[in-house]
Structures are given as C-alpha cells and as structure tokens.
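**Q** Numbering (my numbering), first residue to last: 7 to 450.
1) Specify the secondary structure class of residue 315 as computed by DSSP and reduced to three states.
2) When DSSP labels each residue in this structure, what does residue 14 get in the three-state scheme?
3) Can you tell which of 53, 141, 94 and 388 has its C-alpha closest to the C-alpha of residue 298?
4) Between residue 257 and residue 76, how many whole angstroms is the CB-CB distance? I'm expecting something under 8 Å.
5) Using three-state DSSP, classify residue 95 as helix, strand or coil.
6) Can you list, in chain order, the residues of its chain with a C-beta nearer than 6 Å to that of residue 315? Leave out the 5 residues immediately preceding and following it.
7) Can you give me the Cβ contacts of residue 1 inside the same chain, cut-off strictly under 6 Å, excluding the 5 residues immediately before and after it?
8) Could you name the residues of the same chain whose beta carbon sits closer than 7 Å to that of residue 120, not counting the 5 residues immediately before and after it, in chain order?
9) Taking buried to mean at least 16 other C-beta atoms within 10 Å of its own C-beta, is residue 6 buried or exposed?
10) Go to residue 324, then tell me how far its beta strand (DSSP E) extends in each direction, as first and last residue.
11) Count the CB pairs spanning the stretch 127-140 and the stretch 188-202 that are closer than 8 Å, and state whether there are at least three.
12) Over the uninterrupted alpha helix (DSSP H) stretch that includes residue 124, give me the two end residues.
13) Rounding to the nearest angstrom, what Cα-Cα distance links residue 379 and residue 339 in this structure?
14) Going by DSSP, name the residue or residues bridged to residue 89.
15) Would you list, in sequence order, the uninterrupted alpha helix (DSSP H) runs of no fewer than 4 residues that lie entirely inside the stretch 253-309?
16) Just verifying my parser: in three-state terms, what is the DSSP assignment at residue 208?
17) When we look at the beta-carbon of residue 38 and count the other beta-carbons within 10 Å, is it buried (16 or more) or exposed?
18) Using C-beta distances below 8 Å, list every residue in its chain close to residue 244, excluding the 5 sequence neighbours before and after it, in chain order.
19) With DSSP run on the structure shown, which of helix, strand or coil describes residue 198?
20) Could you name the residues of the same chain whose beta carbon sits closer than 6 Å to that of residue 273, not counting the 5 residues immediately before and after it, in chain order?
21) By a C-beta neighbour count over all protein chains shown, 10 Å radius and 16 as the cutoff for buried, is residue 176 buried or exposed?
22) Whole-angstrom Cβ separation of residue 412 and residue 391, contact assumed at under 8 Å?
23) Distance, Cα to Cα, residue 281 vs residue 79?
24) Out of 135, 265, 283 and 223, state which residue places its alpha-carbon closest to the alpha-carbon of residue 360.
25) Helix, strand or coil: which one does DSSP assign to residue 341?
26) So, is residue 387 buried or exposed, given that buried needs 16 or more other C-beta atoms within 10 angstroms?
27) Short check: CB of residue 151 to CB of residue 182, under 8 Å?
28) Would you mind sorting residue 35 into buried or exposed? The rule is 16 or more other CB atoms within 10 Å of its CB.
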C-alpha cells in the first residue's frame, strides 16, 4: 500500500528523462567559455591566417558578392513571362429581363449575354531573338568569375595583413623579453653599486648616475609591454574578436632562416597564381561576352499572340505576329561602348601583368637587401656587442674603466640587440611581402 499523504508519486521514465536532459543542459551552460579558466591560447601564423579567412567580417562581406552574382546568373537565364489578358464587353446594367422586357427585346439575361456581348481571351509571348538569354547567362557567368578572383585577391591581401601583424606581435614580445633582461641585469648593477657606495668604493655621483640610468630601462620595459598589448589587439581585430579569447598569444619561430629563390621563377609563378592578374584576364573575357550581348540586343524580338473572341453569338480565333522595325534603334551606341570596353580591359590586363612583375621584383630586391643586413649581424656583431658589454661591466666593477665607458658599452649593446630584432622583423616582413607578390605562401 503506497503512502500518498503528501501527494507525491514516483516519477515516470519520461519524467526522469526530461529532468536528466534539463540537468545536462544546465551542466553544459555552466562549463567555462572558450579560453576561460585555462592558460593562454597560443596560435601559430598558419592558424592565425586560417582564423582570419574564416572569421574576418570584411572578407565574409566580400564573399557575399559571389553569391550575389550567382543569383544574377539565375536572373539572366530566365525566359520572358507570357501575358494573359481577357475582357467582356457590353454587359447589361439595370433591371433584370423579367422586369424590363423592352430593354432586352424579350430575351432572358442568358440569351442577351450570349447574343449581344463580346468576350475576348488571349495569350501573348515575347520570343527573344539573337540568343539573348544565352548571351546574358554567359556574361553573368563571366562577371561571377571576375568577382570570385577579386575575392581571392582580398584573401591574399588579408593573409599579408595578418602575417604583418603577427610579425609585429613577435617583434613586440622579443623586444619586451630584451627589455626585461636588460632591466634585470642593470638592476643587479645598481644593487652592486649601492653596496659599493655604502662601502665607500664609488662616489655618490657615480652611484646616482647608475641609479638614474635605471629609469631608461624601466621606461623601455613599460613601452615594450604596451607595444605587445596593442600588437595583439590589432591582430585580433583582423582575426575576428570572437575567434580567439582575450588572453590569447602567438607561437612561432622568430629567427633568421635564409631563403634562396630566383626572381625569374617567382615572376613566372606569380603570373600563374596572382588572383588580381587572373581577374584582369577574366575581365577581358567578360567584356567580350558583354559585346556579344549588346549585339544580341540589337536583334528585334518577335511577339506572338493568340486570341479567342465571342462576338454576338459567333466564336472566333485570331493570331497576331509583331516585330519592331529596326530603322532607328539597333542598339548601335551600346555595341560601340562595349567594343571600347574590350580595349579598356585589354589595356588593364597589360597593366596588371606589369604590376605583377614590378611587385615581384620589388619584393625580391627587398628580401635580398634584408638578407644582406641579417648576414652582417650574424657575422659577429651580436657576439661582439655582448662581449664588449660584459668586459666593460667587469672592468667597471673592478675599477678598470670609468663609469661613462661602462654606460656607453651598455647603450651600444642595447642598441645593437634592439636593431637586430627590428631587422629580423623587417626580414620576416620582406618574406611575407614576397609571398604576397607571388600569390602563394609556398615559395619555390
């Protein structure tokens, strides 16, 4: 015997299933959001590029133009609609026949409608001549091809922008790392100088000069930290804010790896791969199909029409054919204009060819110049600057050199280290510039 004193009943299977589903949904909602409660998410350059290609809103907006032109292809391929018309004339108004026999001559309403009214029912259709529909469709497809290539060129540009911002983040983080190391190292020098000053080993003036120099290291570290935050923010803007968490970071090698390529191979590959050059070629094709479409519209269309008529009890059929006489308007102006458009697009294709060759040449020369500078740094200047600084610091602490000589060696070391990192970033950007100029990330 069940006790139902409180009105409670054991839940059915269906009820337990509903409760379990609700609990699962609340559990999923309680999970931490992407990147929350975890360490910083680190992305590589290739991952950053893929995120931008999927989430950059300007690019997503540009891609909709492809769908718009595909929809225009549907419109271009539509046939004209037939036209249906009807009329019924001389319908009686007024009193019915049984009340006004004089009005209808003694006829009933049905007899009057049959013998004294006129009705027409007709259907007309416009027959396009000159293969206008096929020409419209081909021109629409050519325009879609041009738009697709232009969107691909937007992707090429976005890829370069993302790579540039990625390198900026790497430079900012490398600069911050250098600033922290310099600050920590010089802080130790200040501490040692304080001990030497307290022991009477150096003058107060020397100690204050060293202590005041620490301010520059602190400012460098603060500026480097700000530059890193801003660089990450700029990169996130290109990736799409929703694609990465706020505490994301980048991962990748920030080092010099020489690239051996020839300009001739790069130019040949660029002419094969650059989407803007392909768009210029396709624009010539689109202009030619536009010219054929203009000529097709110069052909006059034929209208056919069939009518059924009922007049005074007689049934009749009528057929009509009509075509405009091409005496004045033969679409001459549009035919001439589209002919000039072909010449325009051909000139733009030549200009695009020259622009590709120029872009590759400039990027190649820039890469060679940056590689020469990197070779200079790698030839021993970095090691020499580090060694000179260490010797000067040791000599100063031992009393072998003056304070100003030590500070000068410190500044020289910092300048060379910072210059190397900046030149390294310039070299990486030169590589990305060359990739953009060729139109691919896979250099030969």
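From the three backbone atoms N, C-alpha and C, an ideal C-beta is built for every residue, glycine too. This structure is a prediction, so every number in the text was calculated from the model and none was measured.
**A** Taking the definition as stated:
1) Under the three-state reduction of DSSP output, residue 315 falls in the strand class.
2) Because the pLDDT at residue 14 is just 38, under 50, the model does not fix this residue reliably, and the value given afterwards should be weighed accordingly. Three-state DSSP puts residue 14 in coil, outside helix and strand.
3) 141
4) Not really, about 39 Å apart at Cβ, beyond 8 Å.
5) In the structure shown, residue 95 adopts extended strand secondary structure according to DSSP, grouped into three states.
6) Apart from sequence neighbours up to five positions away, the residues of its chain that approach residue 315 with a beta-carbon distance below 6 Å are 126 and 322, ordered along the chain.
7) Within the shown structure, residues of the chain are numbered from 7 to 450, placing residue 1 beyond reach of any answer.
8) 319
9) Examination of residue 6 is not possible in this model, given that the chain is present from 7 through 450 alone.
10) Its beta strand (DSSP E) spans residues 320-328.
11) Verdict: no, contact absent.
12) Segment 124-133 is the beta strand (DSSP E) holding residue 124; no alpha helix (DSSP H) there.
13) 59 Å
14) 130
15) 269-279 and 281-303
16) coil
17) With a pLDDT of 38 at residue 38, under the threshold of 50, the predicted position of this residue should be treated as unreliable, though the coordinate-derived value follows. The residue is exposed, with fewer than 16 neighbouring Cβ atoms inside 10 Å.
18) Same-chain partners within the cutoff: 58, 62, 164, 167, 168 and 171.
19) helix
20) Here the set comprises 363 and 366.
21) buried
22) About 14 Å; that fails the 8 Å criterion.
23) 22 Å
24) Per the Cα distances, 283.
25) helix
26) That one is exposed.
27) no
28) Bear in mind that a pLDDT of 41 at residue 35, under 50, signals an unreliable position, so the number given afterwards is only what the model happens to contain. Exposed: under 16 other Cβ atoms inside 10 Å.
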